[in-house]
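Inspection log for the structure reproduced underneath, given as structure tokens.
Protein chains: 2
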Amino acid sequence: MEYPNKIKKETSKSINYSNRGMDLELLINETNAYYVEQDRALIYKKPTPIGISEAIYTEHGRIIKNGYFKSPSTLDYNGIYRGCYVEFEAKETQNKTSFPLANFHQHQLGYIKRVLAHGGICFVLIKMNGNVFLLKGEDLISFLEENTRKSIPYSYIEQKGYLIKERYNPTLDYLTVVNEIYFKGDCFNGKEKIET
Amino acid sequence: MEYPNKIKKETSKSINYSNRGMDLELLINETNAYYVEQDRALIYKKPTPIGISEAIYTEHGRIIKNGYFKSPSTLDYNGIYRGCYVEFEAKETQNKTSFPLANFHQHQLGYIKRVLAHGGICFVLIKMNGNVFLLKGEDLISFLEENTRKSIPYSYIEQKGYLIKERYNPTLDYLTVVNEIYFKGDCFNGKEKIET
Chain A
5 MEYPNKIKKE TSKSINYSNR GMDLELLINE TNAYYVEQDR ALIYKKPTPI GISEAIYTEH
65 GRIIKNGYFK SPSTLDYNGI YRGCYVEFEA KETQNKTSFP LANFHQHQLG YIKRVLAHGG
125 ICFVLIKMNG NVFLLKGEDL ISFLEENTRK SIPYSYIEQK GYLIKERYNP TLDYLTVVNE
185 IYFKGDCFNG KEKIET
Chain B
5 MEYPNKIKKE TSKSINYSNR GMDLELLINE TNAYYVEQDR ALIYKKPTPI GISEAIYTEH
65 GRIIKNGYFK SPSTLDYNGI YRGCYVEFEA KETQNKTSFP LANFHQHQLG YIKRVLAHGG
125 ICFVLIKMNG NVFLLKGEDL ISFLEENTRK SIPYSYIEQK GYLIKERYNP TLDYLTVVNE
185 IYFKGDCFNG KEKIET
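Here the protein sequences come in this chain order: A and B.
Note that the numbering used here has the first sequence beginning at 5, numbered continuously upward.
Note that the numbering used here has the second sequence beginning at 5, numbered continuously upward.
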């Protein structure tokens, strides 16, 4: 059986990228793995939903011979941090002046609103012009409600977003920023402060 | 492009099953869809993680030509309910006297402990002898810590578990049981009671 090796090879190759060139998803996955290892949070990327049109049974189990990718209607990452539900999406654009909203799948923007209404922490990590910003779901929704533009100007992201500084380990320590934004003072949503 | 129709056909066929024969996963998916529609909770089944060893690009996008299923190390369902993080697993056995722990993938039992430690609501829905029980993660862990058996006797599940009665809509209303167990009185984890 050859394929598990092939997959592994691809993965280990990507770990050798320099951070500058490493894509956002890899940075986040690496950071989440670090958080899990340190027992700081349990946040994972949801597997990409696929549809299977042909599968066969072999001695190694069920193998997909024809599958296609579906569009997710929820966000890519979710989990628990300091007793709270957290869900977020990661997006990256080469565009320098504005972030095209077409980067979101249909339903995702409405879904952000729903997660917030249910009391979850919900945001987007946007990589643009070499910086990664955390933009709160609330600020994304306000923008959409107050504008008819099909993209968010970089100035809005710079002004409303929180810059996440790249560091050594974890590379993209977004939870430190989450702490500052959502757990200011002593509590979030009536919860007592938990030292992390 | 033929496969999307094929998939749809399979799905609609399964909706015609009588509840008695319907498998646990379908019952839960149907119930979760109802909860989302009613805006009572946002709980979804995580897609099964797959590994891809061969993919091709076609006019319809990227198509998987060789893929295999990976074992999940987290639980199957997660989401948010009444502001709280919820994660659970669904298992069904034909065994009448005891529930084999081999039904869990490696790492899943340890993971339940971690979700609880982070303040999440975590449980297993077990279908056995025609009944569906909610067994709290805490009770599952106690059993594992106090026993060396490789299976949980049905009597333990009957005694510690909470029976979920099948009804018309939603079919498997497990959140009503979650309410009774975790939101007794006014609050959970310091949260104020939210009417549902």
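In this text, a Cβ means the ideal position worked out from N, Cα and C, and glycines have one as well.
Remember, predicted model here, so these are calculated numbers, not experimental data.
The region 111-125 of chain A makes contact with the region 75-89 of chain B, as at least three CB pairs between them are under 8 Å.
Unbroken alpha helix (DSSP H) runs of no fewer than 4 residues, entirely contained in the region 83-146 of chain B, are found at 112-121, following chain order. The C-beta of A45/B has 16 or more other C-beta atoms within 10 Å across all chains shown, which makes the residue buried.
Distance check between K154/B and each of E91/B, G141/B, F108/B and P51/B places F108/B closest, using alpha-carbon atoms only.
Within chain B, the C-beta atoms nearer than 9 Å to that of G65/A come from Y72 and F73, in chain order. Between Y39/B and L179/B the beta-carbon gap is near 6 Å, inside 8 Å, which marks them as a contact. Taking 9 Å as the Cβ-Cβ cut-off, the region 147-175 of chain B has no residue approaching chain A.
Around the beta carbon of Q112/B, 16 or more other beta carbons lie within 10 angstroms, which makes this residue buried. Contacts between T78/B and chain A, judged by CB atoms closer than 7 Å, involve Y48 in chain order. For K69/A, the uninterrupted beta strand (DSSP E) run begins and ends at G65 to F73, by DSSP. Residues of chain B whose Cβ lies closer than 8 Å to the Cβ of V119/A are, in chain order, L46 and I84.
One alpha carbon belongs to T101/B, the other to L79/B, and they sit about 24 Å apart. Going by beta carbons, Y81/B and F73/B fall outside the 8 Å limit.
Secondary structure note for S57/A: its beta strand (DSSP E) is the uninterrupted segment I54 to T62.
For S155/B, the enclosing beta strand (DSSP E) stretches over residues S155 to P157. For I68/A, the chain B residues whose C-beta falls within less than 9 Å of its own C-beta are I54, I56, I68, K69, N70, G71, Y72 and F73, listed in chain order. Y178/A: member of the alpha helix (DSSP H) spanning Y178 to Y186, first to last residue. If the five residues before and after N70/A are omitted, its C-beta is found closer than 6 Å to the C-beta atoms of S57 and E58, all from its own chain and listed in chain order. Taking 8 Å as the cut-off, the beta carbon of Y115/B is found no closer than this to the beta carbon of S75/B. In the DSSP annotation of this structure, the continuous segment of the alpha helix (DSSP H) that includes Y38/B starts and ends at L28 to E41. Under the three-state reduction of DSSP, Y166/B is assigned to strand. F147/B places its beta carbon 8 Å or farther from that of Y158/B. Chain-ordered, the chain A residues with CB closer than 9 Å to the CB of P51/B read K50, P51, T52, P53, I54, K74 and P76.
Cβ-Cβ distances below 6 Å link I60/B to I67 and K69 in the same chain, with the five nearest sequence neighbours on each side left out; the list follows chain order. For the 8 Å CB-CB criterion, I54/A and I32/B do not form a contact. T175/A and V182/A have their C-alpha atoms roughly 15 Å apart.
According to DSSP, I47/B shares a beta bridge with G83/B. DSSP, reduced to helix, strand and coil, places Y160/A within a helical segment of the structure shown.
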